[in-house]
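All remarks here apply to the structure that follows.
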Amino acid sequence: MKPRFADAAKTLFEIKGGPRVDFRQPPGEPALAAADSVSWRVFKNPVSLFVGGITAVLLELAEPRVRTGVWEHSTFRADPLGRLKRTGLAAMVTVYGARSVAEAMIAGVGRQHARVAGTTPGGEAYRADDVALLDWVQATASFGFLSAYHALVEPLSQTDRDHFYAEAAPAARLYGALGAPASEAEWRAQLAAMLPRLERSEIVLEFLDLMRGVRIAGPLSRLQHPLIRAAVGLVPEDVRAVLGLGPEWLPRPLERPVIRAAARLADRVPIPGAPPYEACERLGLPGAWVYRRAPLAPT
0 MKPRFADAAK
10 TLFEIKGGPR
20 VDFRQPPGEP
30 ALAAADSVSW
40 RVFKNPVSLF
50 VGGITAVLLE
60 LAEPRVRTGV
70 WEHSTFRADP
80 LGRLKRTGLA
90 AMVTVYGARS
100 VAEAMIAGVG
110 RQHARVAGTT
120 PGGEAYRADD
130 VALLDWVQAT
140 ASFGFLSAYH
150 ALVEPLSQTD
160 RDHFYAEAAP
170 AARLYGALGA
180 PASEAEWRAQ
190 LAAMLPRLER
200 SEIVLEFLDL
210 MRGVRIAGPL
220 SRLQHPLIRA
230 AVGLVPEDVR
240 AVLGLGPEWL
250 PRPLERPVIR
260 AAARLADRVP
270 IPGAPPYEAC
280 ERLGLPGAWV
290 YRRAPLAPT
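The letter at position 261 of the sequence shown is residue 260 when you use numbering that gives the first Met the number 0, and the numbering goes up by one with no holes.
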């Protein structure tokens, strides 16, 4: 069961025809985040990463300038899963990649952002390198990934949650997000400030329909719709209200323990060839080092 699960989970890291990053190179070079960081714990889990990534996108699409930029200048419509995986790969390189590799990738993303500009259907101009928009994208990503791990894998202490945001801040600045939150309190303040700007859009429902229509890996495909509902459930309630995502979009009671069991299993099954495994090897650690955890208490 575990090897089959690991193979299925690994495909969530893989992009067909996409770039292949060797996280084992250069040997010994540290990442932007330390190996013993909260970030390394959180980002190793492909199930919570998938759920948290969808949560982050829903929050991004609630902001009209970000929504227009994403929908008109990316491949979300044509290849939503591939687009989500590419975003996930960028997160993997940022967290686990050698510092030189991560910095080069981030610089490339910055050059791409500098070429993206336009006007929303409401007539508001936007640029992808606008610091306020970069701050929102970085904040929603941190919130999505952290919330999914906290809810589905294991509860994290307030200190660990604050550390997670603080660990993301240096990389966020490299992306140009100079005001990305460095603590959970700063995230809450940013959400409160942004809430009046958020609005409902049919694009949000289109995105969810697209995500329900593409097939994810092997046995995990049976959990695809429950995982998407779990992602919606992590969106803050007041934002769900703005987006018009009612109870029909939330996880069913019997789904919650199944999702949690899958996420907890993913946290404990080493995935050879996956970014966290290779990053450990780059640092001279056993590939399974990041997966070694104390036994989880039953729920």
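Where is the CB? At the ideal position from N, CA and C, for every residue including glycine.
How big is the Cα-Cα spacing for residue i and residue j?
i: Glu71; j: Gly122; result: 15 Å
i: Val300; j: Val152; result: One cannot answer for residue 300 here, as it falls past the ends of the chain, which runs 0 to 298.
i: Ala278; j: Glu205; result: 36 Å
i: Ala103; j: Gly212; result: 34 Å
i: Leu145; j: Leu57; result: 15 Å
i: Pro297; j: Ala147; result: Only weak support exists for where Pro297 lies, its pLDDT of 37 falling under 50; the value from the coordinates is given anyway. Computed Cα separation, rounded: 18 Å.
i: Leu226; j: Val50; result: 6 Å
i: Gly109; j: Leu173; result: 9 Å
i: Ala273; j: Phe22; result: 8 Å
i: Pro195; j: Arg160; result: 26 Å
i: Ala127; j: Thr67; result: 10 Å
i: Ala89; j: Glu247; result: 32 Å
i: Glu280; j: Tyr95; result: 11 Å
i: Arg239; j: Thr54; result: 11 Å
i: Phe42; j: Arg76; result: 26 Å
i: Ala262; j: Gly178; result: 31 Å
i: Leu253; j: Leu207; result: 21 Å
i: Ala106; j: His112; result: 10 Å
i: Glu201; j: Tyr276; result: 39 Å
i: Ala97; j: Leu80; result: 26 Å
i: Leu83; j: Leu48; result: 10 Å
Return the Cβ separation of residue i and residue j in integer angstroms, given the expectation that the two are a contact with Cβ distance under 8 Å.
i: Val203; j: Leu60; result: 5 Å
i: Leu242; j: Arg199; result: 6 Å
i: Leu222; j: Val257; result: 7 Å
i: Pro250; j: Ala265; result: About 17 Å; that fails the 8 Å criterion.
Per DSSP, which residues does residue i bridge with? Please list them.
i: Tyr276; result: Its beta-bridge partners do not exist; DSSP assigns none.
i: Thr118; result: Ala124
i: Ala179; result: The partner list for Ala179 (beta bridge, DSSP) is empty, contrary to what the question assumes.
i: Ala97; result: Ala30
Are there 16 or more other CB atoms within 10 angstroms of the CB of residue i, so buried, or fewer, so exposed?
i: Thr74; result: exposed
i: Pro45; result: buried
i: Leu190; result: buried
i: Arg19; result: exposed
i: Ala124; result: exposed
i: Gln137; result: buried
i: Ala150; result: buried
i: Val130; result: exposed
i: Glu183; result: buried
i: Pro180; result: buried
> Using 8 Å as the Cβ pair cut-off and three pairs as the minimum, do the segment 159–171 and the segment 25–36 touch?
Replying inline: yes
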